[in-house]
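For reference, the structure discussed in these notes is given below.
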Amino acid sequence: MPPDIEAIAEQVFAALADPSRRAILAVLATGGPVTATEIAARLPITRQAIAKHLALLADAGLVTAEPGERRRVRYRLRSAPMQVAAQFLAALARDWDGPLDALKDHLDKVPDKPASRRPGPS
Amino acid sequence: MGFPDRIERTIEIAHPPAKVWAALTTAEGLASWFGNQASIDLRPGGSAQLKWTEGHTADMRVERVEEPTVFGFTWHIYGLPEDDPRRTYVEFTLEQVGAATRLTVVESGFAQLSDDVHGKAHDGNTGGWASELAELVDYLDAA
Numbered sequence: 001m002p003p004d005i006e007a008i009a010e011q012v013f014a015a016l017a018d019p020s021r022r023a024i025l026a027v028l029a030t031g032g033p034v035t036a037t038e039i040a041a042r043l044p045i046t047r048q049a050i051a052k053h054l055a056l057l058a059d060a061g062l063v064t065a066e067p068g069e070r071r072r073v074r075y076r077l078r079s080a081p082m083q084v085a086a087q088f089l090a091a092l093a094r095d096w097d098g099p100l101d102a103l104k105d106h107l108d109k110v111p112d113k114p115a116s117r118r119p120g121p122s
Numbered sequence: 001m002g003f004p005d006r007i008e009r010t011i012e013i014a015h016p017p018a019k020v021w022a023a024l025t026t027a028e029g030l031a032s033w034f035g036n037q038a039s040i041d042l043r044p045g046g047s048a049q050l051k052w053t054e055g056h057t058a059d060m061r062v063e064r065v066e067e068p069t070v071f072g073f074t075w076h077i078y079g080l081p082e083d084d085p086r087r088t089y090v091e092f093t094l095e096q097v098g099a100a101t102r103l104t105v106v107e108s109g110f111a112q113l114s115d116d117v118h119g120k121a122h123d124g125n126t127g128g129w130a131s132e133l134a135e136l137v138d139y140l141d142a143a
């Protein structure tokens, strides 16, 4: 089954819509792979809630658990789905209206230079 | 949801295509409306660069040059790592309308998918780690 780019973006944005999951992802993004216990030490969120959120994030493919002894399992951010979300945001953030307005203004100020073109058919 | 792949704008400019073409395809033109500094090697495969005084830079690769009607280039997708091969394609089309120009810009390719989006990590982990995580929940609940 081909990956569905829209489904991936939706999972990222759904994950980001929750402040606790946002905080967990921010911890993983800034500090690299960490255990659930370490996340619990850094955030005002219960360990049970962190485990629940990590399970959801892993199911969505947004984090992966590194192999290891159960208590020492470290969670790592997966950048690929985040990049899909970044592509979505890049399209929303692309501003053509501003530059095109600037182009119009620029052309209104520049005098026409018909002399620069060769007269007659070439 | 609708993942946007393509952005399109059309504007009418009260100047002939030759003048619009110069603004789009010369360093002097680009630097006066798009960036603060510009360089361009105007041929398919040629490099172009825009610089802004804020420090931002955009590197482009010229793809289509059909004076004075089509100018196309590709550039990096903002927000992706520098070494990511995905690029969007920007194409300007100039159409003469009387003494004026209808300018259309289309930027496409935002919805390209890289091969690693659903790589092994996703397929392999979803099942296996769900059970591991269930055990983790039990462990934490007991703590």
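Respectively, the protein sequence lines represent chains A and B.
Just so it is clear: in the first sequence, position 95 is 95 by the working numbering, and no numbers are missing.
Just so it is clear: in the second sequence, position 96 is 96 by the working numbering, and no numbers are missing.
For glycine and all other residues, C-beta sits at the position ideal for the given N, C-alpha and C.
DSSP three-state assignment for residue 103 (chain B), whether helix, strand or coil
Residue 103 (chain B) falls in the strand class under three-state DSSP.
Identify the continuous beta strand (DSSP E) that holds residue 72 (chain B) and give its terminal residues.
Here the beta strand (DSSP E) through residue 72 (chain B) covers 70–76.
What alpha helix (DSSP H) runs, 4 residues minimum, are completely inside the segment 63–115 of chain A?
The qualifying runs are 79–93, 97–109.
Range of the contiguous beta strand (DSSP E) that encloses residue 96 (chain B)
From DSSP, the beta strand (DSSP E) with residue 96 (chain B) extends over 87–97.
Roughly how many angstroms separate the alpha carbons of residue 96 (chain A) and residue 60 (chain B), rounded to a whole number?
Rounded to the nearest angstrom, the two C-alpha atoms are 16 Å apart.
Please report how far the alpha carbon of residue 102 (chain B) lies from the alpha carbon of residue 55 (chain B), in whole angstroms.
When rounded, the distance between both Cα atoms is 32 Å.
How should residue 102 (chain A) be labelled, buried or exposed, when 16 other C-beta atoms within 10 angstroms of its C-beta is the threshold for buried?
Flag for residue 102 (chain A) reads exposed.
Less than 9 Å between the C-beta atoms of residue 107 (chain A) and residue 76 (chain B), yes or no?
At the C-beta level, residue 107 (chain A) and residue 76 (chain B) stay beyond 9 Å of one another.
Decide if the segment 5–17 of chain A is in contact with the segment 48–64 of chain A; the criterion is three or more beta carbon pairs, one per stretch, under 8 Å apart.
Enough Cβ pairs lie closer than 8 Å, so yes.
Which of helix, strand or coil does DSSP assign to residue 67 (chain B)?
Residue state, collapsed to three classes: coil.
Close beta carbons around residue 122 (chain A), own chain, < 7 Å, minus the five adjacent residues each side
Only weak support is given to the placement of residue 122 (chain A): the predicted model assigns it a pLDDT of 44, under 50, and the value that follows is read from those uncertain coordinates. Excluding residues within five positions, none has a Cβ falling inside 7 Å.
For the beta strand (DSSP E) that residue 38 (chain B) lies in, which residues bound it at each end?
Segment 37–40, the beta strand (DSSP E) holding residue 38 (chain B).
Cross-chain neighbours of residue 25 (chain A) in chain B, by beta carbon under 8 Å
Going along chain B, no residue has its Cβ under 8 Å from residue 25 (chain A), so there is no contact; the nearest lies around 16 Å.
Along the alpha helix (DSSP H) that carries residue 8 (chain B), what are the first and last residues, could you check?
Segment 6–13 is the beta strand (DSSP E) holding residue 8 (chain B); no alpha helix (DSSP H) there.
Would you list the one or two residues that DSSP bridges to residue 51 (chain B)?
The partner list for residue 51 (chain B) (beta bridge, DSSP) reads B:37, B:57.
Buried/exposed call for residue 153 (chain B), threshold 16 Cβ in 10 Å
Residue coverage of chain B in this structure runs from 1 to 143, which leaves residue 153 (chain B) outside it and unanswerable.
So for residue 32 (chain B), helix, strand or coil by DSSP?
Looking at residue 32 (chain B) - three-state DSSP - the assignment turns out to be helix.
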